[in-house]
Amino acid sequence: MEGTSLGSGGDKQLVCTLCGQPFLFTVGEQEFYRQRGFLHEPKKCKPCRDREKQSGNRKRSENPASQSFEVVCSTCQKTTRVPFRPIPGKPVYCRDCYLQIKRNQ
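Going left to right, the sequence shown walks through residues 27 to 131 as our numbering numbers them.
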């Protein structure tokens, strides 16, 4: 079946499964795929892959679990980011200070 496994030869004309547009799978891209152990040719053109990545990134950024918050470390006063919403009045530490506190426990 054409467009399923990596072969050898020149550039290949493939058809994107999302938009139906033809796209070129170059010899250089084929070599890249082989070096990384990919067994199959791409099914989507670069614009469709990029669009999916962007929409995936947008979904992740809308996920509250992936948000980060800027805080000032309670120990060294350095500005840092933490992956949780800080509780007012409770100390928050930068990575270095947090690790130092954990080591001393």
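For each residue, glycine too, the CB sits at the ideal point set by N, CA and C.
query: Can we say the segment 101-112 touches the segment 68-77, given the rule of at least three CB pairs closer than 8 Å?; result: no
query: Please classify Gln47 as buried or exposed, where buried requires at least 16 other C-beta atoms within 10 Å of its C-beta.; result: exposed
query: Assign Phe49 to one of three DSSP states: helix, strand, or coil.; result: strand
query: In this structure, does DSSP put Leu40 in helix, strand or coil?; result: strand
query: Starting from the Cα of Phe64, find the closest Cα among Lys70, Gln56 and Cys71 and give me that residue.; result: Gln56
query: Mind reading off the beta-carbon distance from Cys15 to Cys42? Whole number of angstroms is fine, and I expect it under 8 Å.; result: The requested residue 15 is not part of the displayed model; the chain covers only 27 to 131.
query: Count the other CB atoms, across all protein chains shown, that sit within 10 Å of the CB of Cys45; report buried if there are 16 or more and exposed otherwise.; result: exposed
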